[in-house]
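Note sheet for the following structure.
2 protein chains.
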Amino acid sequence: MPDIPKPRANRQRTQTLRGPVPAAEGRQPRGARRKRETRARLLDAALKLMAERGMDSVAINDITEAADVGFGSFYNHFGSKEGIFAALVEWVFEEFADTLDQLARELSDPAEIVAVSVRHTLMRARREPVWGRLLIREGFSVHALGWGLGQRLLRDSQRGISAKRFVVPDHLMCVVSVTGIIFAAIAAELHFALSVAPPVRRQKASGVGGQNFAERVAAVVLQVLGLKRAEAERIAHLPLPTSRSETRVCRAKSRSC
Amino acid sequence: MPDIPKPRANRQRTQTLRGPVPAAEGRQPRGARRKRETRARLLDAALKLMAERGMDSVAINDITEAADVGFGSFYNHFGSKEGIFAALVEWVFEEFADTLDQLARELSDPAEIVAVSVRHTLMRARREPVWGRLLIREGFSVHALGWGLGQRLLRDSQRGISAKRFVVPDHLMCVVSVTGIIFAAIAAELHFALSVAPPVRRQKASGVGGQNFAERVAAVVLQVLGLKRAEAERIAHLPLPTSRSETRVCRAKSRSC
Numbered sequence: 309m310p311d312i313p314k315p316r317a318n319r320q321r322t323q324t325l326r327g328p329v330p331a332a333e334g335r336q337p338r339g340a341r342r343k344r345e346t347r348a349r350l351l352d353a354a355l356k357l358m359a360e361r362g363m364d365s366v367a368i369n370d371i372t373e374a375a376d377v378g379f380g381s382f383y384n385h386f387g388s389k390e391g392i393f394a395a396l397v398e399w400v401f402e403e404f405a406d407t408l409d410q411l412a413r414e415l416s417d418p419a420e421i422v423a424v425s426v427r428h429t430l431m432r433a434r435r436e437p438v439w440g441r442l443l444i445r446e447g448f449s450v451h452a453l454g455w456g457l458g459q460r461l462l463r464d465s466q467r468g469i470s471a472k473r474f475v476v477p478d479h480l481m482c483v484v485s486v487t488g489i490i491f492a493a494i495a496a497e498l499h500f501a502l503s504v505a506p507p508v509r510r511q512k513a514s515g516v517g518g519q520n521f522a523e524r525v526a527a528v529v530l531q532v533l534g535l536k537r538a539e540a541e542r543i544a545h546l547p548l549p550t551s552r553s554e555t556r557v558c559r560a561k562s563r564s565c
Numbered sequence: 309m310p311d312i313p314k315p316r317a318n319r320q321r322t323q324t325l326r327g328p329v330p331a332a333e334g335r336q337p338r339g340a341r342r343k344r345e346t347r348a349r350l351l352d353a354a355l356k357l358m359a360e361r362g363m364d365s366v367a368i369n370d371i372t373e374a375a376d377v378g379f380g381s382f383y384n385h386f387g388s389k390e391g392i393f394a395a396l397v398e399w400v401f402e403e404f405a406d407t408l409d410q411l412a413r414e415l416s417d418p419a420e421i422v423a424v425s426v427r428h429t430l431m432r433a434r435r436e437p438v439w440g441r442l443l444i445r446e447g448f449s450v451h452a453l454g455w456g457l458g459q460r461l462l463r464d465s466q467r468g469i470s471a472k473r474f475v476v477p478d479h480l481m482c483v484v485s486v487t488g489i490i491f492a493a494i495a496a497e498l499h500f501a502l503s504v505a506p507p508v509r510r511q512k513a514s515g516v517g518g519q520n521f522a523e524r525v526a527a528v529v530l531q532v533l534g535l536k537r538a539e540a541e542r543i544a545h546l547p548l549p550t551s552r553s554e555t556r557v558c559r560a561k562s563r564s565c
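Going down the list, the protein sequences come from chains A and B.
In case it helps, my numbering puts the first sequence at residues 309 to 565.
In case it helps, my numbering puts the second sequence at residues 309 to 565.
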């Protein structure tokens, strides 16, 4: 498959969104620690604002105000608004793609790889709604297929088609359908539970926000890729592999993962 | 199906986005004509800005500047920013839903109704990209299932399930999948053709922007609803019904439809 853009090789990342992960945080000089905290505040503020409004509608001043950081300090950390946006894109679309590669490293069935990726994406969006909001806001953009997650989807779907595991009329419709279903499912978790539509609201226990929502989305994605329903359901409910690197990143961020 | 929100009854609309359609434009008083032109300029400007950035990131001043209209004049036409946004939503999500109902009025097969709706939605987004951009921007919002297009999708999918024409695991996943595929397909037409991903770009002739793209999207949607591929393809390629009202609206807007 010579035409699929090559995903970047897995790297042992030394940075998370919040900056270098110190080996022993307590021993860091005070200045370095404060600098890291300021960077984290700027990134958190930019994430919330850009997930809500998109990059173009957010000014540097909005970010520094929300982060409670002086305007000039911004430039100690980022060269421009595009710079901080690039850091967020790196985090949402590249770093997470590496996490998925880690999680799927011992799997060989393309269907299982896609199912695991879909479930982890949905679970992460539920855990970190602002991350999910930025993903669906920017995921339809001009550049999204060139970023890590898009490239990974192109690669995995092509692998499944080449191995005759996926049977789809064409690659393009496959990518369009899978992307759309995942984003709509994330939007459903973010929004539809509040919707005025009673059939959706009443399905909450077993539907949006329910325990098995990610698995049901994965099953539909596999059916779109040509698997029979029973097989899709079975694969979508297999035990999830876990990743040491994901655990490490979560701990470094001091967030409940 | 008592729980599906009832779509509003078809109405003989006397207004389009641009205001009342005069029986004989030349005979309108100059003042009334100018007022209508100003309203149309404000709506066109708001549509472009809100499709790009969302309602919250657009100020009334941005709209009047882009429309080249005095700030105070805005209030001769709309009570607030929310007012002009509501007029746009009415146009994108309600008026178009009525157009689809008109187009499908002589069809009885739920699969054919869905296919015609999907194809017309894709064709309109291609013809009027800013309309398409507002649709996919607001279509994932909290309120979208309560608006005309969302209610219509809930109604039509429920009808197909009740008639056993659609076979889906559940109604929620059906709505999520169909919505996602349509929006991703519109985004593909708006953006992906410019993407860095070679497989998608090279498929342009028969893919994104190709003559049969809307039909291929409709076929995938029908497959997601449980139809076999051959049947889905057949229905997706049936001749399209045309609507007198759509022709009239297009002519009134003086746009090439």
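Using N, Cα and C, we set each Cβ at its ideal position, and we do this for glycine too.
Only a predicted model underlies this, so the values are computations on that prediction, with no experimental measurement involved.
Where residue i falls, given that 16 or more other Cβ within 10 Å makes a residue buried
i: residue 550 of chain B; result: exposed
i: residue 349 of chain A; result: buried
i: residue 475 of chain B; result: exposed
i: residue 538 of chain A; result: exposed
i: residue 409 of chain B; result: buried
i: residue 416 of chain B; result: exposed
i: residue 380 of chain A; result: exposed
i: residue 470 of chain B; result: exposed
i: residue 447 of chain B; result: buried
i: residue 547 of chain B; result: exposed
i: residue 418 of chain A; result: buried
i: residue 406 of chain A; result: buried
i: residue 534 of chain A; result: buried
i: residue 572 of chain B; result: Limits of chain B in this structure are 309 at one end and 565 at the other, which puts residue 572 of chain B out of reach.
i: residue 382 of chain B; result: buried
Cβ-Cβ separation, residue j to residue i (assumed contact under 8 Å), whole Å
i: residue 522 of chain A; j: residue 427 of chain A; result: 4 Å
i: residue 445 of chain A; j: residue 359 of chain A; result: 6 Å
i: residue 351 of chain A; j: residue 392 of chain A; result: 7 Å
i: residue 477 of chain A; j: residue 542 of chain B; result: Actually they do not touch by this definition, with Cβ atoms about 14 Å apart.
i: residue 363 of chain A; j: residue 343 of chain A; result: So it is not a contact: roughly 24 Å between Cβ atoms.
i: residue 486 of chain A; j: residue 465 of chain A; result: 7 Å
i: residue 455 of chain A; j: residue 402 of chain A; result: 6 Å
i: residue 449 of chain A; j: residue 499 of chain B; result: 6 Å
8 Å Cβ cutoff met for residue i and residue j
i: residue 461 of chain B; j: residue 484 of chain B; result: no
i: residue 492 of chain A; j: residue 339 of chain B; result: no
i: residue 412 of chain A; j: residue 424 of chain A; result: yes
i: residue 385 of chain B; j: residue 347 of chain B; result: yes
i: residue 357 of chain B; j: residue 366 of chain B; result: yes
i: residue 395 of chain A; j: residue 374 of chain A; result: no
i: residue 528 of chain B; j: residue 481 of chain A; result: yes
i: residue 497 of chain B; j: residue 434 of chain B; result: yes
i: residue 371 of chain B; j: residue 429 of chain B; result: no
i: residue 442 of chain B; j: residue 494 of chain B; result: no
i: residue 377 of chain B; j: residue 532 of chain A; result: no
Any non-hydrogen atom of the ligand ATP closer than 7 Å to residue i Cβ
i: residue 539 of chain A; result: You won't find the ligand ATP in this model; it holds no ligand whatsoever.
Exercise for the section: Entirely within the region 398-452 of chain A and at least 4 residues each: give me those alpha helix (DSSP H) ranges in chain order. Expected result: 404-411, 418-435, 437-446
Exercise for the section: Any chance you could list the alpha helix (DSSP H) runs of at least 4 consecutive residues sitting entirely within the region 336-384 of chain B, in chain order? Expected result: 338-361, 368-375
Problem - Length at least 4, wholly inside the region 524-548 of chain B: the alpha helix (DSSP H) runs in chain order - result: Listed in chain order, the complete alpha helix (DSSP H) runs (minimum 4 residues) inside the region 524-548 of chain B are 537-544.
Exercise for the section: Could I get the ranges of all uninterrupted alpha helix (DSSP H) runs contained in the region 469-500 of chain B, with 4 residues as the minimum, in chain order? Expected result: 479-498
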